[in-house]
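To keep things clear, I will list the structure first and then write my remarks on it.
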Amino acid sequence: MNHEEIKRYFESNPPPKEVRLTEWANITDTQVFLRSSYSTIRNFSGPVDRCPAWWHLRDFYILMKKTAAPQASAREAAVENIQEDTSDQSLSEEAAV
Numbered sequence: 001m002n003h004e005e006i007k008r009y010f011e012s013n014p015p016p017k018e019v020r021l022t023e024w025a026n027i028t029d030t031q032v033f034l035r036s037s038y039s040t041i042r043n044f045s046g047p048v049d050r051c052p053a054w055w056h057l058r059d060f061y062i063l064m065k066k067t068a069a070p071q072a073s074a075r076e077a078a079v080e081n082i083q084e085d086t087s088d089q090s091l092s093e094e095a096a097v
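With full-length UniProt numbering applied, the sequence shown corresponds to residues 1 to 97, in that order.
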């Protein structure tokens, strides 16, 4: 995974405005963090794997992917509950008729 692939990921899946990256690092504006990381990586003169901004961006990406998976399953569960409630309601309406 390179920074361009991460950039495309965040363009299609924008992160929340504020994120606690580590216990000692809070990102108060993720869009500013992302723009700064992309710019720093682009202007870094050595190998990308030696760029601190690359490692911070990578850690942020991994954190967002980990937190996105539980949120996606929670959304799926909510949709299933709504569908069950709707079907239960339509069954009770049919029984009342």
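Note that the Cβ used here is the ideal one computed from N, Cα and C, for glycine as well. Computed from a predicted model, the values in this text were never measured in an experiment.
- Residue 32 has no beta-bridge partner at all, per DSSP.
- Only residues of its own chain outside the window of five on either side were considered, and among them 18, 19, 20 have a CB closer than 8 Å to the CB of residue 26, listed in chain order.
- DSSP, read as helix, strand or coil, puts residue 2 in coil.
- When only Cα atoms are considered, residue 47 and residue 69 end up about 31 Å apart.
- In the assembly as shown, residue 55 is an exposed residue. Its beta-carbon has fewer than 16 other beta-carbons within 10 Å.
- Looking from the CA of residue 41, the closest CA among 31, 53, 32, 33 belongs to 53.
- Boundaries of the beta strand (DSSP E) harbouring residue 26: 25-27, taken from the DSSP string.
- As a beta-bridge residue in DSSP terms, residue 22 pairs with 25.
- In the displayed model, residue 16 falls within coil according to three-state DSSP, outside both helix and strand.
- Look at residue 52 here: in three-state DSSP terms it is helix.
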